[in-house]
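A short write-up of the structure that comes next.
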Amino acid sequence: MGSPAADATAEWYARAATRDLVGHSALHVAWAAGVAADDDVLDLLVRLPRERRQPSLIFSVATWLGAEATDYPGFRTWLVENWPAVEAAARERRTQTNEVGRCAPLVAALARIPGPIALLEVGAAAGLCAIPERYSYRFGDAPVLGTGDPLISCAVDDPGLAPTTLPDIRWRLGLDLHPLSAADAGDREWLEALVPLDRPDRRERLRQALETARYDPPRVVAGDALDDLADAAAAAPADLTLVVVSLGTLVYLAPEARAAFPAAVTAVGARLVTLEQSGIADRPAGRVPAGRFVLALDGEALAEASPHGDRLSTL
1 MGSPAADATA
11 EWYARAATRD
21 LVGHSALHVA
31 WAAGVAADDD
41 VLDLLVRLPR
51 ERRQPSLIFS
61 VATWLGAEAT
71 DYPGFRTWLV
81 ENWPAVEAAA
91 RERRTQTNEV
101 GRCAPLVAAL
111 ARIPGPIALL
121 EVGAAAGLCA
131 IPERYSYRFG
141 DAPVLGTGDP
151 LISCAVDDPG
161 LAPTTLPDIR
171 WRLGLDLHPL
181 SAADAGDREW
191 LEALVPLDRP
201 DRRERLRQAL
211 ETARYDPPRV
221 VAGDALDDLA
231 DAAAAAPADL
241 TLVVVSLGTL
251 VYLAPEARAA
261 FPAAVTAVGA
271 RLVTLEQSGI
281 ADRPAGRVPA
291 GRFVLALDGE
301 ALAEASPHGD
311 RLSTL
């Protein structure tokens, strides 16, 4: 048995291997399971502050620094040999996955809101999900919407969940603690490293979205999702319908900030679209099992969704 910090970190990685990363990346599942049983690697991890030991962050930093898609023994060898660089980067970097597949549920929710729309995304990273109308979509067997790249596919078990038009977005802004830009080569490299090496489908989709945004990137400003929401919202044109969007961001807020967020959105006169784990932003609680993702509008659950937006299911 190791130190309390090492034991807690082992439990974190074991949970990631058996729940959090399942369906996300078989490679990361294998790495997490290996770390959970590796006392020497756990002793390295506990040198970091707790929030910097996050499995996805460590694996993304390793990928960014050159780790390859190997089995755990190969990854372990690389990690130990390169630990000083990994530790330094983990103290500076943060998970900022810009999963453009989540634009499919977003488009489905925005179709229920009268436009034209002013879109304000919190936790926007490089804002790739703030430009959903620039991409194209295939919802089930419905005709393709849009003509841009990438083409984002989303399975639906009810044709009524599929939108028939793209949103009319005339103003947009992203809010992020550490903004990224699709126009910056270094930011593009980091965003790609956040996608697991064994998910070439998601990596290619990201590359296409980055290319679409590269020469006209959405504006993302530095700010806290709760504390700076009102100032960001005040910049939106008054004649547009303001929609605040959170796609897997609220889970990172402190519980008290998360609880206060819906009221803050209401206070700025905005609608709220969320794609979050069940119980974080949807009501009534318990409609969808814990841990699964829910697409919600103003707190009302619209559909169950996959974490990366490639499926919408009726409740």
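For the record, in the sequence shown the residue sitting at position 234 is 234 according to the working numbering, with numbers rising by one throughout. Built from N, CA and C at the ideal position, the CB exists for glycine as well.
Residue i burial status per 10 Å Cβ neighbour count (16 or more: buried)
i           : result
residue 49  : exposed
residue 256 : exposed
residue 315 : exposed
residue 112 : exposed
residue 47  : exposed
residue 20  : buried
residue 22  : exposed
residue 69  : exposed
residue 29  : buried
residue 121 : buried
residue 18  : exposed
residue 202 : buried
residue 218 : buried
Test item: CB-CB of residue i and residue j under 8 Å
i           : j           : result
residue 106 : residue 171 : no
residue 38  : residue 2   : no
residue 128 : residue 183 : no
residue 125 : residue 176 : yes
residue 42  : residue 35  : yes
residue 229 : residue 268 : yes
residue 300 : residue 283 : yes
residue 294 : residue 313 : no
residue 221 : residue 232 : yes
residue 150 : residue 135 : yes
residue 327 : residue 180 : Residue 327 cannot be examined here, being either before or after the span of the chain that is shown, 1 to 315.
Residue i - partner residues in DSSP beta bridges
i           : result
residue 154 : 139
residue 277 : 293
residue 117 : 169, 241
residue 122 : 175, 246
residue 56  : Beta-bridge pairing links residue 56 to no other residue.
residue 303 : 295
residue 311 : 155
residue 271 : 243
Which listed residue (the options) has its alpha carbon closest to that of residue i
i           : options            : result
residue 58  : 22, 96, 23         : 96
residue 109 : 98, 190, 21, 133   : 133
residue 163 : 261, 186, 52, 139  : 139
residue 74  : 210, 89, 31        : 31
residue 10  : 44, 27, 22         : 44
residue 152 : 288, 186, 101, 120 : 101
residue 264 : 76, 87, 293, 298   : 298
residue 116 : 302, 236, 279      : 236
residue 339 : 13, 92, 34, 144    : A query on residue 339 cannot be resolved here, the shown segment of the chain reaching from 1 to 315 and no further.
residue 8   : 260, 51, 25        : 51
residue 193 : 232, 94, 281       : 94
residue 169 : 5, 242, 87, 303    : 242
Contact with chain B by residue i, beta-carbon distance below 8 Å
i           : result
residue 273 : This model lacks chain B altogether; it includes just one protein chain.
Any non-hydrogen atom of the ligand GTP within 7 Å of residue i CB
i           : result
residue 238 : Ligands displayed in this structure: none; no statement on the ligand GTP is therefore possible.
Open item on the list: Ignoring anything shorter than 4 residues, give me the alpha helix (DSSP H) runs that lie fully in the stretch 163-250, in order along the chain.
Closed with: DSSP assignment within the stretch 163-250 yields the following whole alpha helix (DSSP H) runs of 4 residues or more, N-terminal first: 185-193, 200-214, 229-234.
Open item on the list: What ranges does the alpha helix (DSSP H) occupy inside the stretch 12-90, keeping only unbroken runs of at least 4 residues that lie completely in it?
Closed with: As far as the stretch 12-90 is concerned, its whole alpha helix (DSSP H) runs of at least 4 residues are 26-36, 39-45, 55-65, 72-81.
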